[in-house]
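Here the working numbering is used: the first residue of the sequence shown is 5, the next is one more, and so on. What follows is one structure encoded as structure tokens, with my remarks underneath.
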Amino acid sequence: MELTGKVALITGGSNGIGAAAARRLASLGARVVVADVDVEQGKLVADEVGGVFVRCDVTQPADSAEAVAVAVREFGGLDIAFLNAGIGTGCSLGDDFDVETYRRAMAINLDGVVYGAHHALPEVQKRGGQIIATASMAGLMPMPGDPVYGANKAAVVALVRALAGAHSDIRVNALCPAFADTNIITPLRSTLDEIGMPILPVSAVVDAFMSIVEGSGTGEAWFVQSGRESEPFGFRNPPGPRAADGSRLEAAKKDPISIALKES
């Protein structure tokens, strides 16, 4: 994919993976909108890459709408929406469960992707672009230590796969890194060091992100694991329904829910 002149919006763009992705895209000629609640750092990143900054709280739909509007107003459109903002949860469903912590994590990690995709979709469709959401390995495998985080990241993966099936005119994919060297692992870093868990350099995550950007696939969830080459995770197809006589239903090969909605 030729990136010169392409326009990218990055939520959570002030730090970590988002900031590194902004630098990589800008170095390849893309115009970047850095969206974040961290105004000071966000402006520094935007200035560094020759882009623009917009304050964006992804839990607020109006902020996502404004971030997309800034991309269109400043650069004429939107080709890549990288919905990357996220936080750790840090609580289980046991005695340490906290409702406000739960709601904040779901609001940022899941609602933020939903709102971002909703508002980016019309503009990305105009240019045949793509939406990439940061999920996690926790969305592909059990994460007993933070089940709420695993739940919202698994939901992001499911959302991406469904959107890809619903919109053939754009590409929609998920980026699923393991523990990367960002602020989100700060509370876990000493434990990860103690058990010898490898911590991914941010550059490795951005390499996988660029493989998605420059690729041709859609509906994919790219894992990023230490010591492995990143690629789309291979989902096993679930068993489909059968008719009363035991034969396979032809509609099951497609999307029965969408078919039913269209026919209702």
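Even glycine gets a Cβ: it sits at the ideal position worked out from N, Cα and C.
Are the Cβ atoms of residue i and residue j separated by less than 8 Å?
i: glutamine 134; j: arginine 175; result: yes
i: valine 206; j: isoleucine 21; result: yes
i: alanine 39; j: valine 210; result: no
i: serine 230; j: alanine 212; result: no
i: aspartate 42; j: asparagine 19; result: yes
i: threonine 93; j: tyrosine 153; result: yes
i: phenylalanine 183; j: leucine 204; result: yes
i: glycine 90; j: glycine 17; result: no
i: serine 68; j: proline 151; result: no
In whole angstroms, what is the alpha-carbon distance linking residue i and residue j?
i: alanine 269; j: valine 118; result: Because the chain spans 5 through 268 in this model, residue 269 falls outside it and cannot be assessed.
i: glycine 98; j: glutamate 6; result: 49 Å
i: alanine 208; j: glutamate 70; result: 31 Å
i: glycine 54; j: asparagine 241; result: 44 Å
i: alanine 75; j: leucine 29; result: 15 Å
i: glycine 120; j: leucine 87; result: 7 Å
i: glutamate 78; j: glycine 169; result: 31 Å
i: arginine 131; j: leucine 125; result: 10 Å
i: alanine 23; j: valine 49; result: 7 Å
i: aspartate 197; j: aspartate 185; result: 12 Å
How is residue i classed by DSSP in three states: helix, strand or coil?
i: alanine 66; result: helix
i: alanine 178; result: strand
i: isoleucine 216; result: helix
i: phenylalanine 183; result: coil
i: glutamine 129; result: helix
i: glutamine 229; result: coil
i: arginine 35; result: strand
i: arginine 1; result: Residue numbering for the chain in the displayed model covers 5 to 268; residue 1 lies beyond these limits and cannot be assessed.
i: aspartate 40; result: strand
i: proline 148; result: coil
i: arginine 246; result: strand
i: alanine 89; result: coil
i: leucine 48; result: helix
What does the Cβ neighbour count give for residue i, buried or exposed, with the cut at 16 atoms within 10 Å?
i: arginine 193; result: exposed
i: serine 140; result: buried
i: arginine 107; result: exposed
i: histidine 122; result: exposed
i: isoleucine 199; result: exposed
i: glycine 173; result: According to the sequence displayed, residue 173 carries aspartate and not glycine. Per the 10 Å Cβ criterion, exposed.
i: glutamate 104; result: exposed
i: alanine 178; result: buried
i: isoleucine 136; result: buried
So that I know if they touch, is there some Cβ in chain C lying closer than 8 Å to that of residue i?
i: proline 65; result: The structure shown contains no chain C, having only a single protein chain.
Practice task
Say whether the region 93–113 touches the region 43–60, bearing in mind that this needs 3 or more beta-carbon pairs closer than 8 Å, one atom from each stretch.
Solution key: The answer is no - the region 43–60 does not touch the region 93–113, with fewer than three Cβ pairs under 8 Å.
Exercise for the section: Decide yes or no for the touch test of the region 82–92 against the region 10–17: beta carbon pairs closer than 8 Å, at least 3 of them. Expected result: yes
Practice task
Would you be able to state if there are at least three C-beta pairs under 8 Å between the region 160–180 and the region 141–148?
Solution key: Here the region 141–148 makes contact with the region 160–180; the two share three or more CB pairs at distances below 8 Å.
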